[in-house]
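Peer 1: One structure, as structure tokens, below. Some questions next.
There are 2 protein chains.
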Amino acid sequence: MTTKLRIVPLGGLGEIGKNMTVIEYDDEILIIDAGIMFPESDMLGIDIIIPDFTYLLDKKDKIKAVLVTHGHEDHIGALPHLMEQIHAPIYATPLTAGLIEVKLRQPRSSQAIEIIEFQAGDVLQIGLFTVEPFHVAHSIPDCVGFGITTPVGLIVHTGDYKFDHTPADSWPPDFAKLAEFSSRGVLALLADSTNADRAGWTPSEMVVLDAFDDLFREAPGRIIIATFASLISRIQQAADLAQKYGRKLAITGRSMRENAKMARRLGYLDIPDYLIIELEDAVRLPKKEVVIMATGSQGEPSAVMGRLARGRHRNLSIEEGDTVVFSAYPIPGNEETVFRTINQLFRRGANVLYERIAPVHVSGHASQEEMKLMINLVRPTFLIPIHGELRHLKRHAVLGRELGIAAEHIAVVENGTPLELDGESLDILPRLPGGYVFVDGASVGEIGWPVVRDRERLSQSGVVFAVVATNSQKQVIGRPEIISRGFVNPNESDDLLHGAAEAIVRAAEVYANSTSPLNEAIEDALSRYLYAETGRRPLVHVVVK
Amino acid sequence: MTTKLRIVPLGGLGEIGKNMTVIEYDDEILIIDAGIMFPESDMLGIDIIIPDFTYLLDKKDKIKAVLVTHGHEDHIGALPHLMEQIHAPIYATPLTAGLIEVKLRQPRSSQAIEIIEFQAGDVLQIGLFTVEPFHVAHSIPDCVGFGITTPVGLIVHTGDYKFDHTPADSWPPDFAKLAEFSSRGVLALLADSTNADRAGWTPSEMVVLDAFDDLFREAPGRIIIATFASLISRIQQAADLAQKYGRKLAITGRSMRENAKMARRLGYLDIPDYLIIELEDAVRLPKKEVVIMATGSQGEPSAVMGRLARGRHRNLSIEEGDTVVFSAYPIPGNEETVFRTINQLFRRGANVLYERIAPVHVSGHASQEEMKLMINLVRPTFLIPIHGELRHLKRHAVLGRELGIAAEHIAVVENGTPLELDGESLDILPRLPGGYVFVDGASVGEIGWPVVRDRERLSQSGVVFAVVATNSQKQVIGRPEIISRGFVNPNESDDLLHGAAEAIVRAAEVYANSTSPLNEAIEDALSRYLYAETGRRPLVHVVVK
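Note that the protein sequences, when read in sequence, are chains C and Z.
Residue numbering for the first sequence follows the working numbering, beginning at 1 and increasing consecutively.
Residue numbering for the second sequence follows the working numbering, beginning at 546 and increasing consecutively.
So, in structure tokens, the structure goes:
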């Protein structure tokens, strides 16, 4: 028997997380998660990034299931795109299924997609794979990892996890199941690496509850809490404290309202009706009787907190005495925007609490000591760090070696690099071509790096267009029309544009080079002139009529 | 006597630091520092930001001196611009003076500028002000704060400081002087707020030395250390350890080489000649015998570390076994770029150490307990938090109130807001117009927000230009010429551009509205067409010939 188990992490930028994993044996494939990534700062104008599904396109018939670990965007956000390409049922816990349903209701997904619910602890037979979801703690309820028994052995995929003994939903991770896997013998552990550079143990969600309790007791006026729209457990904590301290709760921001509604319907949010009010009513209540949960914890300008910070919210404005809480870490790359938003809120008179000055958020991911515990609980033959930038994967590998896993039994690979396992060895195959797909407006995959690089250049120095009329002798007729955007202040650049027009006329006069077209010769001359005058290099395009 | 002492913090974005302070009494003015700020991520294409000097322009004759606290860019970087506008001597300690000289050698500063050196502990009589520089510890040697005796009382400006008992240059801060000021009675304390949201006490530079010692002892091959070009003390630490462990030191990156040369000349860097080698020689030595100090700790693509990360350095390439150290914190907004650079270096086989995984850098600014010590040592009547974002200033004010300073004796103001002090009260005046000035290429102040906003839009969706030829009846002749940049992939957009041309012709056909020009009517129609087809809104400009 020469067939090996193939594991293909897909869907990142190499360095940013692993949002999708393909498990393949013979002609059966399982997919774990299908998430989006957020663009890096140099991916100008790109809305989101999705995994490149090319690897799966000629294997569609083999795909037996899409298993989902939990309902965060970086794990379910690409499902609408994936499910346009493949036909397979989605397996998820009830809350995750609810979040997926909210997501798939988007107009893009017109096909009927089968969603099969399971509970942590179930045993699912899917083709030749036996899939055993086990409960883990994270920053959203109803999260699982998967034990998957394959023909070559048992592999364990942690999903996103931390070992929180006192999670917000009082449902600690399933240590017993991990130990039981270990007793059966685990071939490979695929484990979350997000916090591999954080020493110690991630604080429990309980810490946040304590900080919130202080806050609710002492806040002199309204409390406005920004967090992720999917952070159901934080909404529950706020609701419990609202009840305790005699406040009413308003939830604002479309995505958070939808998620809360679904979570209440499914029983994952336990909030009595009388406690919840509309924002319009909240602004009329005494300030000491109000809590508002809002989106915009990443400083997104169009989310609730971004609009409040700029004084652009329709129903609500920040006032002296308000206490605003950022109950989220800035996602890397968002720090500046988040802190700017915080400064703007201070400027409007709010007192602003954020993670640096009060424990109003904790990470949902395991730190180093928890990662070691996971490895020692599961005792895998092979360790495959997933879900992290390369620096995290490398660090996770160091931890694995410290615990006695041989270096050649640890695979630090980036997305798109297939691994093959038999019972004894782990092979790293050459990286697949492609990588990830840009989504920009209605376009999925049509925009690539050349367009983004043009945007980069436009963003640095703008663009100058010139329309030059010539006669049949290629002499310039009249004054060239020059238009610039993002280059100079139009009201202060008369001299510059006058000089530019002269440079164009001169370039046409000396034009004698039949190997390049007249418009290119003029573009060269115009670019040189503009650089000499301003020290900047706008995109220059010349049309000769 | 009605004259009050006026203090004007100048030169930030409101929220980003205070890079310049004006002290004014009657017709005498002192300026403290003149630094640059780095642009925020939405200030596209802007190179640096300098303070707006407008306030000073009609008071040039009153300016008696520019006092400089230390040689970092955010304190001296705007001097070349300031000294073009005013005539006054610059006062600085020898190392700071050396760094200013390096800076002023830029071609922009053609005038002869007088630089007067002083030592911490000197007493300078400047007009009616008695200026007493006192030594503070920070992340560059030869730093001072200033005690300034004015007609209304003694004010103390800390500069950037921390209370490091074991600084790299073994010169601890001058506690005695601060206590002595206190015994004389301090009217106002202007104090560094950078780390106001950090609890505790900033670790000493000694911690870094210990971490570096471990690193030098254990690194299996070359050591490459990235830090700020001005971090003289880190260069000294690396040199000392190079000597201890039998390595040679190469310094690379233009700005770091210039600074190191000047600091050695002035005696602030004590490195024997035989220890220093050129990079060209370093690459030929056994790897265990080499340390390289380099620029690029912020992930700047054109600095040494950025080029190494992308494999684009002329003389040096990263190899398996190299240990790379980022001995700097990412400046807020740079996190993503720094971490991307770190990932790239890992990908090339280096082991990379950074602050998260080893104490290879410490902040140069006081944390909360040090800030409290400063307040209690100086015991000022008024507290004016400076040098920080608004969130830091607010937090600093909280600390001041906790120590018993009355709320009305603390002024949290943003740049451009003048304060007036007599012996008894502190008034906050209305904010000055203006704020800060963009420098972009050779242009200083000509580029404002309208241009930057155009760049923002260009960066999101690019630009579409169309040239439409019409006859005298305003009918379109021939096919409109359409050019796009940063909008669509030109090879995959034939259908779209064909449709766009049709939309233009249709718009011209139905054009009947003499209140707006034909080109605007076409722009509207073209924008609508493109949005309907792509969901994106490029800048659209139409020229009708």
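Where is the CB? At the ideal position from N, CA and C, for every residue including glycine.
On a predicted model such as this, the values are computed, not experimentally measured, just so you know.
Specify the secondary structure class of residue 843 of chain Z as computed by DSSP and reduced to three states.
Peer 2: In this structure, residue 843 of chain Z counts as coil in the three-state DSSP scheme.
Peer 1: Count Cβ pairs between the stretch 352-372 of chain C and the stretch 395-405 of chain C that sit closer than 8 Å; are there 3 or more?
Peer 2: yes
Peer 1: Between the stretch 460-472 of chain C and chain Z, which residues of the former have a C-beta closer than 8 Å to a C-beta of the latter?
Peer 2: 460, 461, 462, 463, 465, 467 and 469
Peer 1: Return the chain-ordered list of same chain residues with a C-beta closer than 6 Å to the C-beta of residue 869 of chain Z, the five sequence neighbours on each side being excluded.
Peer 2: 769, 890, 895 and 897
Peer 1: Can you pull out the residues from the stretch 961-993 of chain Z whose beta carbon lies closer than 8 Å to at least one beta carbon of chain C?
Peer 2: Per Cβ criterion, the list reads 985, 986, 987, 988, 991, 992 and 993.
Peer 1: Spatial neighbours of residue 179 of chain C within its chain, please: CB distance less than 7 Å, with the 5 preceding and 5 following residues excluded, ordered by chain position.
Peer 2: 377
Peer 1: How big is the Cα-Cα spacing for residue 228 of chain C and residue 455 of chain C?
Peer 2: 30 Å
Peer 1: Which ranges does the beta strand (DSSP E) cover as unbroken runs of at least 3 residues, wholly within the stretch 218-275 of chain C, from first to last along the chain?
Peer 2: 223-226 and 248-252
Peer 1: For the stretch 929-947 of chain Z, which residues have a CB atom closer than 7 Å to at least one CB atom of chain C, in sequence order?
Peer 2: 934, 935, 936, 939 and 940
Peer 1: Quick one, are the C-beta atoms of residue 528 of chain C and residue 987 of chain Z less than 9 Å apart?
Peer 2: no
Peer 1: Just to confirm before moving on: does the CB-CB distance between residue 648 of chain Z and residue 692 of chain Z stay below 9 Å?
Peer 2: no
Peer 1: So, helix, strand or coil for residue 397 of chain C, using DSSP?
Peer 2: helix
Peer 1: Could you tell me which residues DSSP puts in a beta bridge with residue 380 of chain C?
Peer 2: C:186
Peer 1: Is residue 914 of chain Z helix, strand or coil by DSSP?
Peer 2: Residue 914 of chain Z: helix per DSSP, three-state reduction.
Peer 1: For residue 1016 of chain Z, does the three-state DSSP call read helix, strand or coil?
Peer 2: Reduced to three states, the DSSP call for residue 1016 of chain Z is coil.
Peer 1: Counting C-beta neighbours from all protein chains within 10 Å, is the total for residue 517 of chain C 16 or more, i.e. buried, or is it exposed?
Peer 2: By the 10 Å Cβ count, residue 517 of chain C comes out exposed.
Peer 1: For the beta strand (DSSP E) containing residue 484 of chain C, list its first residue and its last residue.
Peer 2: Here the beta strand (DSSP E) through residue 484 of chain C covers 481-485.
Peer 1: Starting from residue 888 of chain Z, find everything on chain C with Cβ-Cβ shorter than 7 Å and list it in chain order.
Peer 2: 15, 389, 390 and 391
Peer 1: Have a look at the DSSP bridge pairing and note the partners of residue 374 of chain C.
Peer 2: DSSP, once it has assigned bridges, lists no residue as partnering residue 374 of chain C.
Peer 1: Going along chain Z in order, which residues have a C-beta closer than 8 Å to the C-beta of residue 41 of chain C?
Peer 2: Neighbours of residue 41 of chain C on chain Z, chain order: 586, 881 and 882.
Peer 1: Starting from the Cα of residue 1084 of chain Z, find the closest Cα among Z:837, Z:1033 and Z:687 and give me that residue.
Peer 2: Z:1033
Peer 1: Around the Cβ of residue 819 of chain Z, are there at least 16 other Cβ atoms within 10 angstroms (buried) or fewer (exposed)?
Peer 2: exposed
Peer 1: Give, in chain order, every residue of the stretch 531-544 of chain C whose Cβ lies closer than 7 Å to some Cβ of chain Z.
Peer 2: Answer in chain order: 534, 535, 536, 539, 541 and 543.
Peer 1: Would you say residue 551 of chain C reaches chain Z, if we count a Cβ-Cβ gap shorter than 9 Å as a contact?
Peer 2: This structure does not reach residue 551 of chain C, given that chain C is present from 1 up to 545, and the question cannot be answered.
Peer 1: Terminal residues of the continuous alpha helix (DSSP H) containing residue 105 of chain C?
Peer 2: Where residue 105 of chain C is concerned, there is no enclosing alpha helix (DSSP H), given that its DSSP letter is neither H nor E.
Peer 1: For residue 473 of chain C, count neighbouring C-beta atoms within 10 Å of its own C-beta (all shown protein chains included) and say buried if the count is 16 or more, exposed if not.
Peer 2: Classification of residue 473 of chain C: exposed, given that the 10 Å Cβ count is below 16.
Peer 1: With a threshold of 6 Å on Cβ separation, who are the neighbours of residue 962 of chain Z within its own chain once the five nearest residues in sequence on each side are excluded?
Peer 2: Taken in chain order, the residues that qualify are 976.
Peer 1: Taking the alpha-carbon positions, what's the residue 357 of chain C to residue 123 of chain C distance?
Peer 2: 45 Å
Peer 1: Given that residue 553 of chain Z touches chain C, what residues does it touch there, using C-beta distances under 7 Å?
Peer 2: The contacting residues do not exist; residue 553 of chain Z stays about 19 Å from chain C at best.
Peer 1: Comparing C-alpha positions only, which one of C:507, C:424, C:174 and C:480 sits nearest to residue 373 of chain C?
Peer 2: C:174
Peer 1: Pick out whichever of Z:983, Z:954, Z:978 and Z:959 has its Cα sitting closest to the Cα of residue 971 of chain Z.
Peer 2: Z:954
Peer 1: Find the nearest neighbour of residue 960 of chain Z within the set Z:572, Z:1026, Z:571 and Z:598, judged by alpha-carbon distance.
Peer 2: Z:598
Peer 1: Once the 5 residues before and after residue 731 of chain Z are set aside, which same chain residues still bring their CB inside 6 Å of it?
Peer 2: 699, 701, 923 and 925
Peer 1: With burial defined as no fewer than 16 other Cβ atoms inside 10 Å of the residue's Cβ, what is the status of residue 85 of chain C: buried or exposed?
Peer 2: exposed
Peer 1: For a contact defined as C-beta to C-beta under 7 Å, what are the partners of residue 454 of chain C on chain Z?
Peer 2: 1007, 1030 and 1031
Peer 1: Along the chain, where does the alpha helix (DSSP H) that runs through residue 1050 of chain Z open and close?
Peer 2: 1039-1054 is the span of the alpha helix (DSSP H), which, as asked, contains residue 1050 of chain Z.
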